[in-house]
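Chains as they are written, first to last, in this note's numbering: chain C, 1 to 166; chain S, 167 to 266.
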Amino acid sequence: MLNAVLFYFFAVLAVASAILMVTRRNIIHGAVFLITTLLATAGIFLQLQAEFLFVVQIILYVGGIMVLFVFVIMLVDLDLSLHLVQFNRQRFVAGALALVLAAQVLGAFWVSRSSIGPGPAAVVAPQNTEAVGQALFGRYMLPFEIASILLLVAMIGAVVMGKRRI
Amino acid sequence: MLPIGNYLFLSFTLFTIGVIGVLTRRNVIVMLMSIELILNAVNINLIAFSRYWGGVDGQIFAIFVITDAAAEAAVGLGIILAFFRNRDTVLADEMDLLKW
C-alpha cells in the first residue's frame with residue numbers, strides 16, 4: 001500500500017514536471033522542472049531498493065549535470081530568445097512522428113502483455129552498495145575502465161571547446 | 167515492488183515527452199535537457215528490470231548510462247558555448263552553416 005502511494009506520488013511528480021520542462025518558455029524554469037523530474041526519479045529508485053543509484057542520481061545528475069546546465073544558461077543570452085517562438089517549424093510533423101513512435105511502443109506493450117507478469121520472486125541483496133561495488137569491480141571491471149577513458153576524453157573535449165578561439 | 171508494467175509505462179511516458187522535446191523545441195539547450203530526460207527514462211527501465219530479476223546488473227548499466235550522460239552534457243554544453251560565442255545564437259534552426 002505504502003509502496004503504491006510512493007510510486008504514484010513520484011510518478012505523477014516526474015511526468016508533470018517533465019511536461020512543464022518541455023513547454024516552458026523560460027529555460028531556467030525548464031531547468032528547475034528537470035531537476036524536479038530527476039529528484040522524483042531518484043525517489044522511484046529508492047522505492048525500487050536501489051539505494052546506491054538513488055544517491056548517485058542526486059549527487060551526479062542534480063548536483064553535477066544540472067549545475068552545469070544552469071551555468072551555461074546563465075552564460076548565453078536569455079532575453080533574446082524569450083520573445084521568439086519556442087517551437088520550430090516542423091513541430092506538427094515532429095509531434096505526429098513522436099506520437100507514432102509512442103503508439104508503436106504501446107503496441108509492443110500490448111503484444112507482450114502476457115509475459116510481463118509478476119515475475120520471479122526476486123531476492124534483494126540487503127547491502128545494495130556492497131553488491132553494486134562487487135559487480136562493478138569484478139565482472140564489470142573492463143567496462144568500468146572504458147567508462148573512465150570516456151570521461152577523460154569528454155574532459156579533454158570540454159576543455160578544448162572552452163578555449164577562447166576555436 | 168509494484169507490477170513491472172507500471173514502471174515500464176512511467177518510463178515510456180517520460181521517454182515520449184523527451185522525444186517530443188527534442189523534435190519540437192528550437193532552443194538547443196532545451197533539446198539537450200530533453201536528451202537527459204530520455205536517458206533518465208532508460209534508467210528507470212534498467213533498474214526496474216534489475217529489481218525484477220533480483221540482480222544488480224541493471225544497476226551497473228544504469229551507472230554507465232549516467233556516466234555517458236555526464237560526458238555528453240560536458241561536451242555538448244562546451245559545443246553550445248563555443249557556437250554561441252561565434253554565431254551569437256542558441257536556436258537550432260539558425261544553425262544552418264552546412265545548408266546550401
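No residue lacks a Cβ here, since even glycine has one placed at the ideal position from N, Cα and C. Bear in mind the structure is a predicted one, so any value in this text is a computation, not a measurement.
_Short Cβ contact (8 Å threshold) for residue 187 (chain S) with residue 196 (chain S)_ = In contact: residue 187 (chain S) and residue 196 (chain S) (Cβ atoms closer than 8 Å).
*Please list the residues of the segment 36-51 of chain C that have a C-beta atom closer than 9 Å to any C-beta atom in chain S, keeping them in chain order.*
Result list: 37, 38, 41, 44, 45, 47, 48, 49, 50.
*Less than 8 Å separating the beta-carbons of residue 49 (chain C) and residue 7 (chain C)?*
Taking 8 Å as the Cβ cut-off, residue 49 (chain C) and residue 7 (chain C) do not qualify as a contacting pair.
*Leaving aside the five residues before and after residue 144 (chain C) along the sequence, list all residues of the same chain whose C-beta is less than 8 Å from its C-beta, in chain order.*
Excluding sequence positions up to five before and after residue 144 (chain C), its CB lies within less than 8 Å of the CB of 136, 137, all in the same chain and listed in chain order.
*Could you check how far apart the C-beta atoms of residue 231 (chain S) and residue 198 (chain S) are, in whole angstroms? I think they sit under 8 Å.*
In fact, because the Cβ distance is near 16 Å, the residues do not count as touching under 8 Å.
*Which stretch, first to last residue, makes up the alpha helix (DSSP H) that contains residue 230 (chain S)?*
Following the DSSP letters along the chain, one finds residue 230 (chain S) inside the alpha helix (DSSP H) bounded by residues 223-253.
*When you check each C-beta in the segment 84-95 of chain C against every C-beta of chain S, which residues fall closer than 8 Å?*
The segment 84-95 of chain C vs chain S, Cβ under 8 Å: 84, 85, 86, 87, 88, 89, 90, 91, 94, 95.
*In three-state terms, what does DSSP make of residue 6 (chain C)?*
If DSSP states are grouped into helix, strand and coil, residue 6 (chain C) belongs with the helices.
_Three-state class that DSSP yields for residue 69 (chain C) in the structure shown_ = The DSSP-derived three-state label of residue 69 (chain C) is helix.
*Tell me, which residues are paired with residue 191 (chain S) by DSSP?*
Beta-bridge annotation (DSSP): residue 191 (chain S) is paired with C:87.
*Count the other C-beta atoms from every protein chain shown that fall within 10 angstroms of the C-beta of residue 215 (chain S), then say buried if there are 16 or more, exposed otherwise.*
By the beta-carbon neighbour count (other beta carbons within 10 angstroms, threshold 16), residue 215 (chain S) is buried.
*Rounded straight-line distance, which links the Cα of residue 1 (chain C) to that of residue 261 (chain S)*: Spanning the alpha carbons of residue 261 (chain S) and residue 1 (chain C) requires a straight line of approximately 51 Å.
*Return the CA-CA distance between residue 133 (chain C) and residue 222 (chain S), expressed in angstroms with no decimal places.*
Near 10 Å, if we compare the C-alpha coordinates of residue 222 (chain S) and residue 133 (chain C).
*In chain order, what residues of the same chain lie with their CB nearer than 6 Å to the CB of residue 194 (chain S), ignoring the 5 residues before and after it?*
Hits under 6 Å: 246, 256, 258.
*chain B contacts made by the segment 2-22 of chain C, where a contact means CB separation under 8 Å*: Any reference to chain B falls outside this structure, whose protein chains are C and S.
*Since residue 149 (chain C) is in the alpha helix (DSSP H), which residue starts that stretch and which ends it?*
Taken as a continuous stretch (DSSP letters only), the alpha helix (DSSP H) holding residue 149 (chain C) covers 141-161.
_Rounded separation between residue 213 (chain S) and residue 224 (chain S) - CA only_ = Computed Cα separation, rounded: 5 Å.
*In terms of residues, what are the limits of the alpha helix (DSSP H) holding residue 54 (chain C)?*
Per DSSP, the unbroken alpha helix (DSSP H) holding residue 54 (chain C) starts and ends at 51-56.
*Flag this pair as yes or no: are the beta carbons of residue 264 (chain S) and residue 97 (chain C) separated by less than 8 Å?*
Cβ distance not < 8 Å, so residue 264 (chain S) and residue 97 (chain C) don't count as in contact.
_Spatial neighbours of residue 53 (chain C) within its chain, please: C-beta separation below 7 Å, excluding the five flanking residues on both sides._
Cβ neighbours of residue 53 (chain C) beyond the five flanking positions: 45.
*From which residue to which residue does the alpha helix (DSSP H) around residue 128 (chain C) run?*
For residue 128 (chain C), the uninterrupted alpha helix (DSSP H) segment begins and ends at 128-136.
*Where residue 257 (chain S) sits in the DSSP three-state scheme*: When secondary structure is reduced to three states using DSSP, residue 257 (chain S) falls in the strand class.
*Since residue 244 (chain S) and residue 162 (chain C) are thought to touch, with beta carbons under 8 Å apart, how far apart are those beta carbons, to the nearest angstrom?*
About 6 Å; that satisfies the 8 Å criterion.
*Go ahead and label residue 76 (chain C) buried or exposed: buried means 16 or more other beta carbons lie within 10 angstroms of its beta carbon, across all protein chains shown.*
Buried is the call here.
*Secondary structure at residue 217 (chain S), three-state DSSP: helix, strand or coil?*
Here residue 217 (chain S) sits in helix by DSSP.
_N-terminal and C-terminal residue of the alpha helix (DSSP H) that residue 32 (chain C) is part of_ = Segment 27-47, the alpha helix (DSSP H) holding residue 32 (chain C).
*If we ignore side chains and look at the alpha-carbon of each, how far apart do residue 237 (chain S) and residue 203 (chain S) end up?*
Roughly 15 Å between the two C-alpha positions.
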